[in-house]
Amino acid sequence: MTELRATGMPLGLMPGMRYDEKETALARGESILFYSDGLVEAHSRDREMFSFPRLAALVGKQAGRSGAALISFLLAELAAFTGPDWEQEDDVTLVTLQRGASPPVPSPDAELRVGRGGAGEAWRTLTEFSLPSQPGNEREAMKRVADAAGELDLPAKRLERLKTAVAEATMNAIEHGNKNQADVPVSIELRVSNSAISVRITDQGGSQPIPEAQTPDLDAKLAGLQTPRGWGLFLIEKMVDQMHVTSDATHHTVELIVLREGE
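Quick note on the working numbering: the sequence shown kicks off at 432 and runs consecutively.
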């Protein structure tokens with residue numbers, strides 16, 4: 432568990448003053464919002480206070496949002512509450528902190544899973560972003576990953592296969608994981624090591640199991656012996672060198688790995 436300790440002492444106050452101190456722990460996938468009192472003490476034109484109960488209710492209704500998406504939502508709610516002629520009475524500061532989802536459990540063949548460098552390779556993040564769960568955003572995910580991977584001199588054929596896999600996995604996350612809920616984001620992280628490229632696509636449908644990729648059998652599908660779904664995971668798996676699927680109570684993550692050299 433990650434432990435956090437927070438005090439209510441703003442910067443610049445005289446030493447010796449006493450404030451409450453509390454501790455909490457974040458489970459994997461959970462997030463926390465820090466805010467200054469300029470938010471909850473803001474007033475509308477009718478002198479009504481924004482208030483902590485209002486903030487708590489708004490955050491509760493947006494449980495699927497975190498990071499920049501949550502902050503943008505709260506600032507929009509504040510602007511609607513105060514009106515266009517609001518005079519800011521105090522600073523308004525918002526910060527979110529999220530603990531990452533559970534990392535994949537290394538398998539006995541971990542040395543093979545990430546190429547020559549093995550499981551102990553140093554990875555660096557090239558880009559990390561979130562997109563609303565709206566049909567069509569798989570193309571934006573594909574473009575951003577391709578743009579960020581441009582510096583790696585990946586062979587054109589490998590890059591095109593990676594783009595196809597990213598688009599298909601993002602579409603699955605939008606449609607099946609997040610149920611096309613625009614306010615529930617899909618998170619994408621592109622990392623690189625000396626021997627491999629990794630793209631992680633994470634949705635928030637952790638309560639639903641992801642089926643294993645099946646080799647499509649057209650006759651069996653037409654006969655009703657095999658689900659008509661399942662082509663997506665099969666395609667993704669064939670587009671990359673390795674595909675790993677992990678889940679927890681909140682999230683699904685599909686990790687795509689492409690080796691930077693070799694066939």
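Even glycine gets a Cβ: it sits at the ideal position worked out from N, Cα and C. A quick note: this is a predicted structure, and the numbers were derived from the prediction, not measured.
key: Element boundaries [alpha helix (DSSP H), containing residue 502]   = Along the sequence shown, one-based indexing puts residue 502 at 71. Where residue 502 is concerned, the enclosing alpha helix (DSSP H) stretches over 498–513.
* Is residue 481 buried or exposed, if buried means 16 or more other CB atoms sit within 10 Å of its CB? -> As a first step, residue 481 must be located in the sequence shown, where it is residue number 50. Around the CB of residue 481, 16 or more other CB atoms lie within 10 Å, so the residue is classed as buried.
**Message:** Please identify the residue among 688, 450, 464, 459 whose C-alpha is closest to the C-alpha of residue 627.
**Reply:** Locating residue 627 in the sequence shown gives position 196, counting from the first residue. It is 688.
_C-alpha gap between residue 670 and residue 576, whole angstroms_ = Here residue 670 refers to the residue found at position 239 of the sequence shown. Here residue 576 refers to the residue found at position 145 of the sequence shown. So the two alpha carbons sit approximately 15 Å from each other.
I need the DSSP call for residue 585, collapsed to helix, strand or coil. Stepping through the sequence shown from its first residue, residue 585 is reached at position 154. Three-state result, residue 585: coil.
Practice prompt. Would you mind giving the Cβ-Cβ distance between residue 561 and residue 617, rounded to the nearest angstrom? I have them listed as a contact below 8 Å.
Written response: For this step, residue 561 is matched to residue 130 along the sequence shown. For this step, residue 617 is matched to residue 186 along the sequence shown. Going by Cβ atoms, the distance from residue 561 to residue 617 rounds to 7 Å, so yes, they are a contact pair.
| request: Could you tell me how far apart the beta carbons of residue 556 and residue 620 are, in whole angstroms, since I believe they sit closer than 8 Å? | output: On the sequence shown, position 125 is the one that residue 556 refers to. On the sequence shown, position 189 is the one that residue 620 refers to. With a Cβ gap of about 6 Å, residue 556 and residue 620 count as contacting.
**Request:** Hey, could you find the ends of the alpha helix (DSSP H) residue 516 is sitting in?
**Result:** The count along the sequence shown starts at 1 and reaches residue 516 at position 85. Per DSSP, residue 516 belongs to no alpha helix (DSSP H) and is neither H nor E.
What span of residues does the alpha helix (DSSP H) with residue 481 cover, start to end?
Locating residue 481 in the sequence shown gives position 50, where the first residue counts as 1. Boundaries for residue 481: no alpha helix (DSSP H) harbours it, and the DSSP string shows neither H nor E there.
Checklist entry - What does a CB cutoff of less than 8 Å around residue 520 pick up in its chain, not counting 5 residues either side in sequence? => result Position 89 of the sequence shown, counting from 1, holds the residue named residue 520. Around residue 520: 469, 472, 473, 474.
Checklist entry - How would you write the range of the alpha helix (DSSP H) that residue 571 sits in, first residue to last? => result Position 140 of the sequence shown holds residue 571. Element bounds for residue 571: 568–580.
> With distances taken from CA atoms, which of 531, 596, 579 is nearest residue 458?
Replying inline: Taking the sequence shown and counting its residues from 1, the one referred to as residue 458 is at position 27. Ranking the options by Cα distance to residue 458, first place goes to 531.
Q: Please look up how many angstroms separate the CB atoms of residue 630 and residue 554, rounded, as I've assumed it's under 8 Å.
A: Here residue 630 refers to the residue found at position 199 of the sequence shown. Here residue 554 refers to the residue found at position 123 of the sequence shown. Going by Cβ atoms, the distance from residue 630 to residue 554 rounds to 12 Å, so no, they are not a contact pair.
message = What residue range does the beta strand (DSSP E) around residue 634 cover?
response = Counted from its first residue, the sequence shown places residue 634 at position 203. Residues 627–634.
Alpha helix (DSSP H) segment containing residue 471, residue limits
As a first step, residue 471 is located in the sequence shown; it is residue number 40 there, counting from the start. It spans 468–471 - the alpha helix (DSSP H) in which residue 471 sits, taken as one unbroken run.
query = Among 498, 504, 499, which one has its Cα closest to the Cα of residue 488?
reply = Residue mapping note: residue 488 aligns to position 57 of the sequence shown, counting from 1. With distances taken between Cα atoms, residue 488 lies closest to 504.
Under 8 Å, do residue 506 and residue 490 count as touching if we go by C-beta distance? Numbered from 1 along the sequence shown, position 75 holds the residue referred to as residue 506. Numbered from 1 along the sequence shown, position 59 holds the residue referred to as residue 490. No, Cβ-Cβ distance for residue 506 and residue 490 is not below 8 Å.
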